[in-house]
Every structure is written in structure tokens, then in C-alpha cells.
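Following: one structure in C-alpha cells, then a few remarks.
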Amino acid sequence: MKAADRRGTVKQAPAQDAQELVLHLKEEPEGVTISCPGIDLTMCGKTEEEAWQRFLSAFKDLKAFLEENKENLSHELKERLALLSRPTTFQFKREP
Numbered sequence: 315m316k317a318a319d320r321r322g323t324v325k326q327a328p329a330q331d332a333q334e335l336v337l338h339l340k341e342e343p344e345g346v347t348i349s350c351p352g353i354d355l356t357m358c359g360k361t362e363e364e365a366w367q368r369f370l371s372a373f374k375d376l377k378a379f380l381e382e383n384k385e386n387l388s389h390e391l392k393e394r395l396a397l398l399s400r401p402t403t404f405q406f407k408r409e410p
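Quick note: the sequence shown uses our numbering, first residue 315, plus one each step.
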């Protein structure tokens, strides 16, 4: 995956049956926040690249944690794991 271009989309080869998750990107004086309401995940960084790398890391960590504990998950978390396990493309939506 590559970082967002100036138009706010992520360049990635399309995958068959891939889901698209919208990431909300907000730039503030303190840094950049990337949030994905679809999976209830938000990360921040001093730069867009740092926020993006932290988001990807947290995305992978969340998926790994849920997979390791799938026998004990609530119905809601099992649904989130199913969502995280599907091929995914991301699209940035820049917030004003």
C-alpha cells in the first residue's frame, strides 16, 4: 500500500471482492489524525505518513489480537474480525 496522494485516495491494485473502507484524515496544527469509523480505529501522528504507518500497524495488531482470541469474542468483535479479514482497499476522505 502507498500513502495517500494529493487528491486523498490510496493507490492500490484492486482486489476481487475487496471491501473499501473510508478513512477520515484531519490535519490540525498538532498533527494528523486518521480514523476509520467502519472498524472503530483512530491513530495520529506528526505527519500524514506517520499517522498512516501507525494506522496500518494498529490495523494489523487489532486483527492479530482478534484472531488469537476468536474463541472468546463477543458477536460484535467476531463481526469486526470478519471485516478485518476480508481483502481491503482504503480511500482517504480529507476533513476540513
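Glycine included, every Cβ here is placed at the ideal spot set by N, Cα and C.
| Query | Result |
| --- | --- |
| Candidates Thr402, Glu390, Ile348 and Lys407: closest to Ala332 by CA position | Thr402 |
| DSSP three-state assignment for Lys360, whether helix, strand or coil | coil |
| Reference Leu335; option with closest CA among Pro410, Glu409 and Leu397 | Leu397 |
| Classification of Gln379 by the beta-carbon crowding that lies within 10 angstroms, buried from 16 upward | It is Phe, not Gln, that sits at residue 379 in the sequence shown. Answer is exposed; the Cβ neighbour count stays below 16. |
| Sequence-distant residues of its chain with Cβ nearer than 8 Å to Lys377 (five each side left out) | Leu395, Leu398 and Ser399 |
| Terminal residues of the alpha helix (DSSP H) in which Lys384 lies | That residue, Lys384, is in no alpha helix (DSSP H); it is neither H nor E in DSSP. |
| Cβ neighbours of Val346 in the same chain (closer than 8 Å, five flanking residues each side left out) | Leu339, Lys340, Cys358, Gly359, Lys360, Thr361, Glu362, Glu364 and Ala365 |
| Secondary structure of Ser388, DSSP reduced to three states | coil |
| Candidates Leu337, Glu409 and Glu342: closest to Leu370 by CA position | Leu337 |
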